[in-house]
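Engineer: In my numbering, the protein residues as written are 530 to 685. Cβ coordinates follow ideal geometry from the N, Cα and C atoms, glycine included. Being a predicted model, the structure only gives us computed values, none of them experimental. Just dropping this structure here.
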Amino acid sequence: MVDDKPISDIRVSDVIAEVGKTTKAATVRKDATLREAVEAMVEDSETRKVYVLDDQNKLVGTITLETLLRHAGYRLGVRKVGMTSFLRMLAEISDDKVTDVMNKPISVLHNEMIVNVTRLMVENHLNDLPIVDAENKVMGELNGLDILKSSMKHWN
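Here it is, written out as structure tokens:
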């Protein structure tokens, strides 16, 4: 249990064990369209990212909600705001590929120290990170809120 360990010894796996689960990761293949990325994110309301996987299910990229919204904003241009414009934009991005907008992923291993993970999150302005196995396959997502909940037990 995390309560028994000094904060410097807590690992990703300890936080996951304490919260009881990882956040389900939304994923798409690298040949997917942006529309498919939006659909994957909408279907999985737990996450604000979509992880892009290659043919071996290895992590190759990340697309954030912010990136999708920015792309939608470029597409929306001067159109009236509303659901109709949003749906029209989704239809227009059907041919755009996720590889056109994805970022290089920053990920962590299941056994990484939470101190290192927190440093990564702070330095890169991230709220969550994908957890990968030794083969770089996505196992889930670690949410920064889970780290805070776990860490609070060690604050004086």
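Under 8 Å, do H591 and P634 count as touching if we go by C-beta distance?
Structural biologist: The sequence given here places Thr at residue 591; His does not occur at that position. Cβ atoms of T591 and P634: closer than 8 Å.
Engineer: For N672, collect the residues of the same chain with a Cβ closer than 6 Å to its Cβ; drop the 5 residues on either side in sequence, then sort them by chain order.
Structural biologist: Result list for N672: T552, D657, in chain order.
Engineer: Which whole-angstrom value is the C-beta distance of T647 and K559, which I expect to be below 8 Å?
Structural biologist: About 29 Å; that fails the 8 Å criterion.
Engineer: For chain D, is any of its Cβ atoms less than 8 Å away from the one on A566?
Structural biologist: Note that chain D does not occur in the displayed structure, where there is just one protein chain.
Engineer: With DSSP as the reference, please indicate the residues paired to V661 in a beta bridge.
Structural biologist: L638, V667
Engineer: Using only the alpha-carbon positions, how far apart do I536 and K678 sit?
Structural biologist: Going by the C-alpha atoms only, they are around 12 Å apart.
Engineer: Excluding five sequence neighbours on each side, which residues of the same chain lie with their C-beta closer than 6 Å to the C-beta of M530?
Structural biologist: Caution is warranted here: a pLDDT of 47 is assigned to M530, below 50, making its placement in the model unreliable, and the coordinate value is therefore given only provisionally. There are no such residues.
Engineer: In the structure shown, what three-state DSSP assignment does L588 receive?
Structural biologist: Of the three classes helix, strand and coil, the one that applies to L588 here is strand, per DSSP.
Engineer: Checking 8 Å against the spacing of the C-beta atoms, do I539 and I643 come in under that value?
Structural biologist: yes
Engineer: Measuring only the C-alpha atoms, how far is G669 from A555?
Structural biologist: 9 Å
Engineer: Are H639 and V541 closer than 8 Å when you measure CB to CB?
Structural biologist: yes
Engineer: Have a look at L588 and V571 and give me their C-alpha separation to the nearest angstrom.
Structural biologist: 20 Å
Engineer: Report yes if the CB atom of V579 is closer than 8 Å to the CB atom of V557, and no otherwise.
Structural biologist: yes
Engineer: Could you compute how far the alpha carbon of V651 sits from the alpha carbon of K626?
Structural biologist: Distance between the alpha carbons of V651 and K626 is about 29 Å.
Engineer: Please state if the CB of L597 and the CB of A546 are separated by a distance shorter than 8 Å.
Structural biologist: no
Engineer: For L655, which of V667, L674, E664 has the nearest alpha-carbon?
Structural biologist: L674
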